[in-house]
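Asker: I'd like to ask you about the structure that follows.
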Amino acid sequence: VTVPADTRIAGGRVLLDGRLEPRDVLVTGGVVAGLCAPGDDAPAAAVVDARGRLVLPGLVDAHTHSYAQLARDTIPDDRLEPWLARAVAAGAGLDAEAVAVAAQLSALDALRHGATTTLDHATLGDGHAAALVAAYDAVGARVALAAQVADVGFADSLHGVDPATRAAVAAADDRAPATAAHQLGRCRELLDAAAGHERVHVLLGPSAPERCSPALLEGVAALAAEHGAGLHVHLLETPQQRAGGDPLGTLADHGLLRGGLSLAHCVHLTADDVARLAAAGAGVVHNPLSNLSLGSGRLDLRALLDAGVAVGLGCDGWNTGGGQDVLQAARLALAGRRPETPAAEWLAPAEVLPLAGAGGAAAIGLPPGTGRIAPGGPADLLLVDPGRAGFLDGEDVAGQLVMGGLGAGLREAWVAGRPVLIDGDPLLIDGERLRARAAELLPRLRAAAAPHLELARRLATLLRAAGPVPSSV
Ligand SMILES: [Zn+2]
């Protein structure tokens, strides 16, 4: 595949500010150099015929965990707290090769649904940072790689659990948590591995306030400031996480509540939380299917948008969010709160669609222009056959994309000015070989998970026996 140095994508209808406009897109050095009316003869070394195509911005899936591509046995059978140990167990046997395979499966899954950028909140073992960077590089996708770190044991991370249950969980759990120093070392490994890789944006990702010690949170804040890295944290996914504390205040106390911080889930925010997020310039990533499949709740998206908080959409890992279809997340975001919301306040498709692109990019701190087609922004583009996508005409493009998705219409996905996916197949790696290797790895991963799954079952049983935990929200 030759990398066009200077390309004109000619004759398509380009999505600009929510409308389809006839424009040619000029691409130079991986960046949108300009937009011109068809017939303007701006010179280009190569011309791509986009007649009959829609030219859409590459979408942004702003929260996932790529390992879950190889942990498909862990579709939730319970709420987050009893389920989590199962998911962790499924990742127990992942070596550097397996995380690379999972990352490529995840990137391709997202690309097939139009997301040219994913945020991968990844727990890093030995050699994983370099393997992940190389894996995404090889696919050609853009990635925000967030080093997921934690140093608090499972029992101590549980809020809203009675002391006896917590003690029983602690007694049953023989896993030693990592130290803050070790986890900060993992963050540094990722910063080093990604240096010089233009399509890899590093974030530091404390797993959640309750899963990190003050020393780790402060260390992460200092490291992020030193390297200009963004921050990505799970916050208030379940009502239990609010019990006995103020997790957003914990982040603020340790220097993490600031611009460049994005928070996944935020299902159980108070009005005061929303105001603090808006004042700090922090972003939120809404993962509607994951929040439903874990029974966590339904985020009040309208409240965040009204407060001026940057919001993106995430699919979350395959086990909780299924196929990496960010337009499906948009569909669920559109309708998710309607039952309890007066109709006059319902969200419209035109408000939700941008969250799957530029809104998500802003929420997770990607450079301006990402997620939209704009001069100076990255040339991350989708060439879509509207007929195969199920479009009947060019009207109400937001409604058709949010409700109908891309269907079979995605012909080409481009990242940084070059195609990386054509008609569902990756262009830069061998997709058949990747699937075959994943299938080979699964038996070994299942065997490695088995003893850990036994522990996960014991912990879940203890937590279930404790009964429902009262919610403070
Ligand atoms: Zn997550």
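In my numbering, each residue's number is its place in the sequence shown (first place is 1) plus 1.
Don't be surprised by glycine CBs; every beta carbon is placed ideally from N, CA and C.
(1) Count the other CB atoms within 10 Å of the CB of VAL15; is the residue buried (16 or more) or exposed (fewer)?
(2) Using 8 Å for Cβ pairs, my map puts HIS287 next to GLY246. What's the rounded Cβ distance?
(3) Which residues count as close to ligand 1 when the rule is a CB under 6 Å from any of its heavy atoms, in chain order?
(4) Where does VAL310 fall in DSSP's three states?
(5) Kindly indicate the opening and closing residues of the alpha helix (DSSP H) around ARG465.
(6) Using the Cα positions of VAL2 and ALA331, report the straight-line distance between them to the nearest angstrom.
(7) Do you know how far the Cα of GLY53 is from the Cα of ARG389?
(8) Kindly provide the ranges of any beta strand (DSSP E) runs that are 3 or more residues long and lie completely inside the region 321-387, ordered along the chain.
(9) Using the Cβ count rule (16 or more neighbours within 10 Å means buried), how would you classify ARG1?
(10) Assuming VAL61 is part of the beta strand (DSSP E), what are its boundary residues?
(11) Among ALA417, ARG299 and LEU262, which one has its Cα closest to the Cα of GLY284?
(12) Do you know offhand how far CYS213's Cα is from ARG303's?
(13) Roughly how many angstroms lie between the CA atoms of GLY128 and ALA265, to the nearest whole one?
(14) Would the beta-carbon of TRP415 fall within 8 Å of that of LEU382?
(15) By the three-class DSSP mapping on this structure, what secondary structure does ALA34 have?
(16) Who are the near neighbours of HIS235 in its chain, counting only those whose CB is closer than 7 Å to its CB and skipping five residues on each side?
(17) May I have the straight-line CA-CA distance separating ARG438 from ASP96, to the nearest angstrom?
(18) Could you check what DSSP says for SER263 in three-state terms: helix, strand or coil?
(19) For THR180, name the three-state secondary structure that DSSP assigns.
(20) Are ALA156 and ARG167 closer than 8 Å when you measure CB to CB?
(21) Rounded to the nearest angstrom, how far is the Cβ of ALA147 from that of LEU120, given a contact under 8 Å?
(22) From the DSSP output, in three-state form, read off LEU109 for me.
(23) ARG14 by DSSP, collapsed to three states: which one?
(24) Quick check on DSSP: helix, strand or coil for PRO164?
(25) Could you please give me the residues that DSSP links to GLY284 through a beta bridge?
(26) Mapping the DSSP letters down to three states, classify VAL140 as helix, strand or coil.
(27) Can you name, in chain order, every residue of its own chain whose Cβ lies under 8 Å from the Cβ of ARG80, other than the five neighbours on each side?
(28) Grab the span of the alpha helix (DSSP H) containing HIS122 for me, first residue to last.
Answerer: On the basis of the data shown:
(1) Stepping through the sequence shown from its first residue, residue 15 is reached at position 14. Label assigned to VAL15: buried.
(2) Your numbering for residue 287 matches position 286 in the sequence shown. Your numbering for residue 246 matches position 245 in the sequence shown. Contact between HIS287 and GLY246 is absent: CB atoms are separated by about 23 Å, not below the 8 Å threshold.
(3) Summarising the contact set, residues whose Cβ lies nearer than 6 Å to any heavy atom of ligand 1 are, in chain order, HIS64, HIS66, HIS122, HIS235, ALA265 and ASP317.
(4) For this step, residue 310 is matched to residue 309 along the sequence shown. Note: VAL310 maps to coil in three-state DSSP.
(5) Here the question's residue 465 lines up with position 464 in the sequence shown. ARG465 -> alpha helix (DSSP H) spans 432-466.
(6) Within the sequence shown, residue 2 is the residue found at index 1, counting from 1. Within the sequence shown, residue 331 is the residue found at index 330, counting from 1. Its pLDDT being 38, under 50, VAL2 is placed unreliably by the model, and nothing is read from it.
(7) Position 388 of the sequence shown, counting from 1, holds the residue named residue 389. Position 52 of the sequence shown, counting from 1, holds the residue named residue 53. So the alpha carbons of these two residues sit roughly 11 Å apart.
(8) 382-385
(9) The requested residue 1 is not part of the displayed model; the chain covers only 2 to 474.
(10) Reading the sequence shown from its first residue, position 60 is the one you call residue 61. 60-65 is the extent of the beta strand (DSSP E) around VAL61.
(11) The count along the sequence shown starts at 1 and reaches residue 284 at position 283. When each option's Cα is compared against that of GLY284, the closest is LEU262.
(12) Counting from one through the sequence shown, the residue named residue 213 turns up at place 212. Counting from one through the sequence shown, the residue named residue 303 turns up at place 302. Straight-line Cα distance between these residues: approximately 30 Å.
(13) By one-based count along the sequence shown, residue 128 stands at place 127. By one-based count along the sequence shown, residue 265 stands at place 264. Near 26 Å, if we compare the C-alpha coordinates of ALA265 and GLY128.
(14) Against the sequence shown, residue 415 aligns to sequence position 414. Against the sequence shown, residue 382 aligns to sequence position 381. Contact flag set, yes.
(15) One-based indexing of the sequence shown puts residue 34 at position 33. In this structure, ALA34 counts as strand in the three-state DSSP scheme.
(16) Here residue 235 corresponds to residue number 234 of the sequence shown, with the count starting at 1. Closer than 7 Å at Cβ, skipping near neighbours: SER208, ALA209, ALA265 and HIS266.
(17) For the purposes of this step, residue 438 is identified with residue 437 of the sequence shown, where counting begins at 1. For the purposes of this step, residue 96 is identified with residue 95 of the sequence shown, where counting begins at 1. Between ARG438 and ASP96, the alpha-carbon positions lie close to 14 Å from each other.
(18) In the sequence shown, the residue the question calls residue 263 occupies position 262. Three-state result, SER263: strand.
(19) Stepping through the sequence shown from its first residue, residue 180 is reached at position 179. Of the three classes helix, strand and coil, the one that applies to THR180 here is coil, per DSSP.
(20) If you number the sequence shown from 1, residue 156 lands on position 155. If you number the sequence shown from 1, residue 167 lands on position 166. Against a cut-off of 8 Å, the Cβ pair of ARG167 and ALA156 comes out as a contact.
(21) For this step, residue 147 is matched to residue 146 along the sequence shown. For this step, residue 120 is matched to residue 119 along the sequence shown. Right, the Cβ-Cβ distance comes to about 6 Å (below 8 Å), so this counts as a contact.
(22) As a working mapping, residue 109 is identified with position 108 in the sequence shown. Helix.
(23) Within the sequence shown, numbered from 1, the residue matching residue 14 stands at position 13. The three-state secondary structure of ARG14, taken from DSSP, is strand.
(24) To locate residue 164, count along the sequence shown from 1; it is residue 163. The answer is helix: DSSP assigns PRO164 an H, G or I state.
(25) Position 283 of the sequence shown, counted from the start, is the residue given in the question as residue 284. Answer is SER263, bridged to GLY284.
(26) Walking along the sequence shown from the start, residue 140 turns up at place 139. The answer is helix: DSSP assigns VAL140 an H, G or I state.
(27) Reading the sequence shown from its first residue, position 79 is the one you call residue 80. Closer than 8 Å at Cβ, skipping near neighbours: THR239, LEU295, GLY296 and SER297.
(28) Along the sequence shown, one-based indexing puts residue 122 at 121. Element bounds for HIS122: not the alpha helix (DSSP H) but the beta strand (DSSP E), 116-124.
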